[in-house]
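According to the working numbering, the sequence shown is numbered sequentially starting from 1295.
Cβ coordinates follow ideal geometry from the N, Cα and C atoms, glycine included.
Since the model is a prediction, treat every value here as computed from it, not as a measurement.
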Amino acid sequence: LSPVCLGSLRRAASINAEYMGDGVLLPAAVILVMSWVIGSTFMTVFETAVDTVFICFLIDEKHNKRTGNMFAEKELQEIVTRYEDKSKELAKKSQRRTASKNELKVSNKPQEGLNV
1295 LSPVCLGSLR RAASINAEYM GDGVLLPAAV ILVMSWVIGS TFMTVFETAV DTVFICFLID
1355 EKHNKRTGNM FAEKELQEIV TRYEDKSKEL AKKSQRRTAS KNELKVSNKP QEGLNV
């Protein structure tokens, strides 16, 4: 893909000004597509990282909150505590809309794992 871009850019730079409008469209389209692919890939990786941190926090909270030995940073605990009531309201609303009998249930005992 890179040789195509470079060749198109060289061609666009070497042609007359009257033909310049047509010669710029292909490189611009290629750059647009490549930018979209790079941006969407970055956002997918970022979203996965945020989801992973959040799931780790939830597991930490579930197993270690009672003992007071949570591994999560204090700032993250404060943010989650601050929005706890709003989160519970949203969870209740979404449960009403998407109530299902076949939901995954996580056991309090780590050795039991997931129950379907």
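>> Rounding to the nearest angstrom, what Cα-Cα distance links Phe1348 and Val1339 in this structure?
In response: Looking up residue 1348 in the sequence shown gives position 54. Looking up residue 1339 in the sequence shown gives position 45. Straight-line Cα distance between these residues: approximately 14 Å.
>> Tell me the residue span of the alpha helix (DSSP H) that contains Ala1366.
In response: In the sequence shown, the residue the question calls residue 1366 occupies position 72. Run containing Ala1366: none; DSSP gives neither H nor E here.
> What residue range is occupied by the uninterrupted alpha helix (DSSP H) comprising Lys1387?
Replying inline: The residue you call residue 1387 lines up with position 93 of the sequence shown. 1378 to 1391 is the span of the alpha helix (DSSP H), which, as asked, contains Lys1387.
> Excluding five sequence neighbours on each side, which residues of the same chain lie with their C-beta closer than 7 Å to the C-beta of Gly1362?
Replying inline: What you label residue 1362 is simply residue 68 of the sequence shown in a count that begins at 1. Around Gly1362: no qualifying Cβ.
> So what's Lys1359 in DSSP terms, helix, strand or just coil?
Replying inline: Indexing the sequence shown from 1 puts residue 1359 at position 65. Coil, per DSSP.
>> Taking 8 Å as the limit between beta carbons, can you name the residues of its chain near Met1364, skipping five residues before and five after?
In response: Start at 1 with the first residue of the sequence shown, and residue 1364 comes out as number 70. Hits under 8 Å: Asp1354, Glu1355, Asn1358, Gln1371.
> Rounded to a whole number of angstroms, what is the C-alpha to C-alpha distance between Lys1388 and Phe1336?
Replying inline: Locating residue 1388 in the sequence shown gives position 94, where the first residue counts as 1. Locating residue 1336 in the sequence shown gives position 42, where the first residue counts as 1. The question names Lys, yet the displayed sequence has Ser at residue 1388. Answer to the nearest angstrom: the Cα atoms are 29 Å apart.
>> Please return the same chain residues whose Cβ sits closer than 6 Å to the Cβ of Ala1366, not counting the five positions on each side in sequence.
In response: Reading the sequence shown from its first residue, position 72 is the one you call residue 1366. Cβ neighbours of Ala1366 beyond the five flanking positions: Phe1351, Asp1354.
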